[in-house]
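Quick notes on the structure that follows.
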Amino acid sequence: MRLYLSEGSAQGLKVLAAAGASGARVRLERVPPDGRVVPFLTHPRVPALHLDSGTFLFSPNAICQYFFLLAGKEPDDLTNQWLEWEATELQPAVSTALYCHLVQGKKEVLGAIRKRLTYIDQSLTSKATPYLAGEAESVADVVLWATLYPVLQDEFGLPDELPALRSWFQTMNLLEPCRSAAESVLTPKGAQEFKAYLQKQPEPSLHWETPATNEPEEEELAERSLSEEEIAAAAEAWPRGLAALPERWQPPSPVLPVEGRRNVLITSALPYVNNVPHLGNIIGCVLSADVFARYCRLRNWNTLYVCGTDEYGTATETKALEEGLTPQQICDKYNAIHAQIYRWFDISFDYFGRTTTPHQTTIAQDIFQRLLERDMLRTDTVDQLRCERCQRFLADRFVEGTCPFCNYEEARGDQCDKCGKLINAVELKKPQCKVCKDSPVLKSSQHLFLDLPKLEGRLEKWLEQSWATGDWTANSRFITRSWIRDGLKPRCITRDLKWGTPVPLDGFRDKVFYVWFDAPIGYLSITANYTDQWERWWKNPQQVQLYNFMAKDNVPFHSVVFPCTLLGAEDNYTLVNHLIATEYLNYEDGKFSKSRGVGVFGDMAQDTGIPADIWRFYLLFLRPEGQDSTFSWTDLMLKNNSELLNNLGNFVNRAGMFVCKFFGGRVPHMELGTDDKRLLAHVTLELRQYNQLLEKVRIRDALRCILSVSRYGNQYIQVNEPWKRIKGQDADRTRAGTVTGVAVNIASLISVMLQPYMPSISATIQHQLSVPKACNVLTDTFHCLLPPGHQIGTVSPLFQKLESEQIEALRKRFGEGQAHAAYVVSADVTPPGPEGGVVLAGDPQKAEELAEELAKQADHVRQLKASKVEKGQIDAEVAKLLELKKQLALAEGKTPELPAPKGKKRK
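The sequence shown maps to residues 389 to 1295 in the working numbering.
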């Protein structure tokens, strides 16, 4: 292997340290910064790793991961999350800090990375481990250390208030591979080694961070240095106005791929029909996909967005029994509920369908026949769990028991929600039928399997291409790798059920297709119900870019099983190019639970009195992109009152009101000065960043760009005070007109940028300002869309304040079920545990939590003893440890072991 590095590139520190830490044997070659060592790239990319096979790796983090993989160190989920965070959050911030210090000569530059340093410190503190991902150093430690080293060495110093970070960083500094890499890259000039390299790079754009205070949150904007060329370009683009925008694309009806256009096909994971979606389901799939679909339309891309309810399977049969309806009646009922919920949330499907259609049967059976003809299927006998009381074989999700891997007591028959491992229902310990709670019996049945091992080579070749050219989230790549790491195994595609797509093969006609073979085919059949020319989307990989949106638990079926199905069918199917998976959204201090009455579900949100666009904004603001996030009523109130009411709404309202109050409702004449042109350049940069992020489906981060634009607008108004200048001399009145005209044009741009996130509010702004429909096209340039003389409409406030009393009432309303459940499960309630919570006798969920607390407390006691702290402090922590043991015993249904009398040994 050859490792190419260039002088002055900070990324070289990463790969050198990773090579040393993993023991990788590489031949080092130094090249100029503009050296083109990767032949198929148009721009130089170093560092780069040239493998013996001829393949090039040119992402620094990918190179580091490859070195550790060679050493047999497979990254876990946490490690991958750290690597994604480093690439998207930490690295850009550090680049800004270095640029400001070395190129611009600023001395105090920790403002650009303060929040990131605090995040690392808090993570290390909460996990109480010496390294980021556990007890041993990982590739994440090496990568983050190398990124931080140039700004945290002696010249800048480590903040004293971050002790966990300080300890970790000093530990990494002492490692031989890190020391050697630093000496190789930085000696003798230290961070100054990077100056020449950075001077050739574009100036980074990042908001400056200020120290935390107890004052109300008011995010300040960094005055990022602008070049004269950027200011001049923004000023030149401004007067071109509406005429400079491309004509809005009007797609054909039905929407079909068009030669020469960017054709985007978007799917959202099909929600299962037998339940009502909660907020986590909505943000994980349909809402995220809707934002991207709306954005694509604003970019004039030819876009089709389809979804529908997944309606076959045992879950539907069981729900029908519960409600005394037929399976079809259940599907009709809940399909209507889902459709109504998504209409209220303003989801812009081009078509919302369902899987219980003739097209589903035809397409699924055709794919099956093609697999059969190509010898991609095999038969085998399967031991299945059958409930004698219910008189049926139990689908995987209708068996619960103890996980064979981690002993989680509520594992499903197909996957454990705690450790994430896939399991067969027969592997569960102490299995139970979810419907009647009886213990099922083991019986044999003949089934059909998709021969995944035979398709593995094709899958890996396709994945390599899709990953290289598409945008797959880090968790989707990791989950996919974990599936194929140990080799694929045949996957059963049939089930002993009645409600499903029938299997068209003698000997199996009493069976139906398993839902995870059948359901993804629903994307095709739903499109077929939309247009009889569906194959122009689904058998057209040359012209169509396919985006799949889902939560992370759906990834393997979309990245492995379904692609293998289509590859094996050999019919030129369109395969996913971009797989976008979220982490989980939790509710307050726990999980959403319909049965326990915990959390907000889709049919309940509209009864809160909070408009749909506010729900959309908040869910998208905390979208779980890199790690789990948590819905909080208090935070919802704060974000509404600060970000929407005080920031965005305040700016748009003031801009419009000034036009109405001071200029008779017509946009005034504008004479741009230096400060105005500088503002146009800042807004243009935010617009470009917004586009770059959304093109990469970084939905949450792009939302921040809109809020930044409105902050620029608020500051502009506040500094120039048009309400005062309008009362002055001619020059002051002219200045008031310019400020008002520029501000109302920024508001019109915001209305367009906001459309994917808050379509109703966007339409309201456009109605109030009489924004022409032709403005609803996004480019990278900010034009004057409302010229002097443009008549606006009546302006009124966009948002209402959420009051504490209102929010507290909603919190109680949607949390009562959880509080009630804690007391009705058992009458055998013990006094509060160590953290004040009630512990129930025989409470498996609480036992799980207590076991984790117990392990942490035991480690804490061991560390105290090793540190030889005062005996009184150790005794206090030991007392907590003993109390936790007592609570754990109760939660496990055991009798707590009484402590022996002090000073006497137990016999």
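Backbone N, C-alpha and C define an ideal beta-carbon position, used for all residues, glycine too.
Quantities reported herein were computed from a predicted structural model and do not represent experimental measurements.
- One Cα belongs to Ala459, the other to Ala409, and the distance between them is close to 9 Å.
- Distance from Gly1037 to Pro1147 at the Cβ level is roughly 16 Å; contact not present, criterion being Cβ atoms closer than 8 Å.
- Taking all protein chains in view, the Cβ of Glu1031 is crowded by 16 or more other Cβ atoms within 10 Å, so the residue is classified as buried.
- In this structure, the beta-carbon distance from Thr655 to Val694 falls below 8 Å.
- Rounded to whole angstroms, Leu1024 and Pro878 show a C-alpha spacing of 46 Å.
- Note on the segment 765-848: whole beta strand (DSSP E) runs with a minimum of 3 residues are 765-775, 787-790, 817-821, 829-838, in chain order.
- For Gly672, no beta strand (DSSP E) segment is defined; the enclosing uninterrupted segment is the alpha helix (DSSP H) at 667-672.
- When Cβ pairs closer than 8 Å are counted between the two stretches, the segment 997-1009 is seen not to touch the segment 960-972, the count staying below three.
- Collapsing the DSSP output to three states places Phe1005 in a helix.
- Secondary structure at Gln994: coil, using DSSP grouped into helix, strand and coil.
- As DSSP reads the structure, Thr1018 sits in a beta bridge with Asn974.
- Beta-bridge analysis with DSSP links Gln1179 to Arg1054.
- Separation of the CB atoms of Cys775 and Leu782 is rounded to 5 Å, and the pair is thereby assigned contact status at 8 Å.
- With fewer than 16 other Cβ atoms from the protein chains shown falling within 10 Å of its own Cβ, Thr714 counts as exposed.
- Residue burial annotation: Arg777 is exposed, with fewer than 16 other C-beta atoms found within 10 angstroms of its C-beta.
- Each residue's CA atom was taken as its position, placing Ile867 and Ser947 some 9 Å apart.
- Residue pairing of Gln933 in beta bridges, as defined by DSSP: Val652.
- By the neighbour-count definition (other C-beta atoms within 10 Å, threshold 16), Ala406 is a buried residue.
- Between the alpha carbons of Glu852 and Thr1022 lies a distance of about 44 Å.
- Looking at the backbone, the Cα of Val900 and that of Arg883 are separated by about 6 Å.
- In the displayed model, Arg567 falls within a helix according to three-state DSSP.
- Listed in chain order, the non-local C-beta contacts of Val1266 below 8 Å within the same chain comprise Val1249, local neighbours out to five positions each way being set aside.
- In this structure, Cys673 places its C-beta atom within 8 Å of the C-beta atom of Phe937.
- Per DSSP, Ser394 is one residue of the beta strand (DSSP E) stretching across 390-394.
- Straight through space, the alpha carbons of Ser1020 and Cys794 are spaced by roughly 30 Å.
- Residue state for Met1146 is assigned as coil, using DSSP reduced to three classes.
- Counting C-beta pairs closer than 8 Å gives fewer than three between the segment 755-769 and the segment 711-729, which falls short of the contact rule.
- The Cβ atoms of Gly1014 and Trp473 lie closer than 8 Å to each other.
- Assignment of Glu1059 by DSSP, reduced to helix, strand and coil, places it in the coil class.
- DSSP places Tyr693 inside the beta strand (DSSP E), whose first and last residues are 690-697.
- In the structure shown, Pro420 adopts coil according to DSSP, grouped into three states.
- Ranked by Cα distance from Glu815, the options Lys1273, Glu788, Leu709 are led by Glu788.
- DSSP places Tyr918 in the uninterrupted alpha helix (DSSP H) bounded by 909-918.
- The C-alpha of Lys940 lies about 26 Å from the C-alpha of Glu523.
- Under the 8 Å Cβ criterion, the segment 1064-1078 does not count as touching the segment 1182-1201, having fewer than three qualifying pairs.
- In this structure, Asn651 sits near Gln933, with a CB-CB distance shorter than 8 Å.
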